[in-house]
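Working notes, structure below.
Numbering (the working numbering), first residue to last: 5 to 286.
What follows is the structure, given as structure tokens:
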């Protein structure tokens, strides 16, 4: 009895220490789902994120993948529908460097950024290898088409199941969803802008093609199409990809005002002892 009690105490101490490091594991997952300002995020790096997406494709279960940045974290606090969409996602990856740094400040073991454009590219490769198509929805008319053309040239065996721009009204939505469903893709890349795309995916995915992996990719189609340049590797390593994009799109300056707000709120949460909380995956 004494030995059993000692063993239980030892396991409890190890579990507590693991929780402080952010190493507790969720059901069926290799890493925990953390929270940052009340918003869930999976502590995964690029390789594990790709692996999880590949499993969702190969199993035929499909799923919703969110690429989270600081702006979206703050938006979730104002928008209950967006918060519900993010909480219901199968995988929430830390896209922005601010999310990664915030997680670490709160005591979570965040391996690093999972850029949405890189995750989308790897998912395209996964679908190509599995013989599954990719449907692309979003961006201005013509941009997604050019992005699809370029990606098909760079990824052997990639099958573009369909393309549609993001400027469709409510009366056209049914046609878009019909096209997606008829094409039976392995994944659907949605570039409608952060927030809007997550809510749209959560609302329509089950009725369109639930067996596909749906990923919100923001402005990735513009980069894939060559309309915007991606930051050089050196900028990315320094966590300055956001600044490089701002230099190309000065109109984004107003949106950048949310970054100091995000940093301040995360710092306050850390001071109050927040973070390092294990949230049950749903």
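Backbone N, C-alpha and C fix where the C-beta goes; we use that ideal spot for every residue, glycine too. Predicted model only: the values in this text are computed from it and were never measured.
{"query": "Simplified DSSP state of residue 218, which is helix, strand or coil", "result": "strand"}
{"query": "Per-residue DSSP class, three states only, for residue 89", "result": "helix"}
{"query": "Every unbroken beta strand (DSSP E) within the region 41-68, with a cutoff of 3 residues, ordered by chain", "result": "43-46"}
{"query": "When 82, 257, 220 are compared against residue 98, the one with the closest alpha-carbon", "result": "220"}
{"query": "Alpha helix (DSSP H) runs wholly inside the region 103-171, at least 4 long, in chain order", "result": "120-134, 147-158"}
{"query": "Rounded distance between the beta-carbons of residue 96 and residue 44, thought under 8 Å", "result": "6 Å"}
{"query": "Proximity below 8 Å, CB of residue 230 to CB of residue 197", "result": "no"}
{"query": "Own chain residues within Cβ distance below 7 Å of residue 187, not counting five before or after", "result": "137, 139, 165, 166"}
{"query": "Euclidean distance between Cα positions of residue 94 and residue 39", "result": "15 Å"}
{"query": "First and last residue of the uninterrupted beta strand (DSSP E) at residue 173", "result": "Note, residue 173: premise wrong, no beta strand (DSSP E); not H, not E."}
{"query": "Stretch pair the region 60-73 + the region 209-217: three plus CB contacts closer than 8 Å", "result": "yes"}
{"query": "Top-ranked residue by Cα proximity to residue 135, from 190, 59, 114, 257", "result": "190"}
{"query": "Local Cβ density within 10 Å of residue 242, reported as buried at 16 or more and exposed below that", "result": "exposed"}
{"query": "Counted within 10 angstroms of its Cβ, other Cβ atoms place residue 268 as buried (16 or more) or exposed", "result": "exposed"}
{"query": "Beta-carbon proximity of residue 113 to residue 57, cut-off 8 Å", "result": "no"}
{"query": "Status (buried if at least 16 other CB within 10 Å, exposed otherwise) for residue 74", "result": "buried"}
{"query": "DSSP-derived helix/strand/coil call for residue 178", "result": "helix"}
{"query": "Between the CA atoms of residue 108 and residue 100 - distance to the nearest angstrom", "result": "13 Å"}
{"query": "When 245, 161, 169 are compared against residue 150, the one with the closest alpha-carbon", "result": "169"}
{"query": "Close Cβ partners of residue 133 (< 8 Å) along its chain, the five nearest in sequence each way excluded", "result": "161"}
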